[in-house]
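Position one of the sequence shown corresponds to residue -18 (my numbering), numbered consecutively onward.
Ideal Cβ positions, reconstructed from N, Cα and C, are used throughout, including at glycine.
Written below as structure tokens is the structure these notes are about.
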Amino acid sequence: IAGKSFDRIIIKEDKDLRGRKPGEISQLLLSGVLSAGLPKSAASLIRKEEEALRHAMDHAIAGDIIVIFYEKLESLMKIINEETSKRVRVKERESSEITLAKA
């Protein structure tokens, strides 16, 4: 579904590997989105959750929606608050709305 529904996808890796080797689950997810038709240029593999969020925020353009499947909300909220504060100071926006939903 994600490979057909999103313009860009950043895959991160959970700390709980569920008995698999590091990188194995993220590679399976990457293969899945590519086989669903997402262009390779639109897929990124950034294993650390915080780095993946920073990358998403750094590359987002006006109108983009960032969907996050996370393990630790606290560390991500810190990044979201820092980045949002920094961006609002640098450039005034009409809207800086962030909505979070836990899957």
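Here residue -4 has 52 as same chain residues with Cβ atoms under 7 angstroms from its own Cβ, once five neighbours each way along the sequence are excluded. DSSP, reduced to helix, strand and coil, places residue 24 within a strand of the structure shown. Going by C-alpha positions, residue -11 is about 13 angstroms away from residue 44. Three or more pairs of CB atoms, one per stretch, sit closer than 8 angstroms, so the stretch -10 to 10 contacts the stretch 30 to 48. Inter-residue distance for residue 8 and residue 20 is about 15 angstroms (C-alpha atoms, whole angstroms). DSSP lists 24 as the beta-bridge partner residues of residue -10.
Of the other Cβ atoms in all chains shown, fewer than 16 fall within 10 Å of the Cβ of residue 4; this residue is therefore exposed.
Residue burial annotation: residue 17 is exposed, with fewer than 16 other C-beta atoms found within 10 angstroms of its C-beta.
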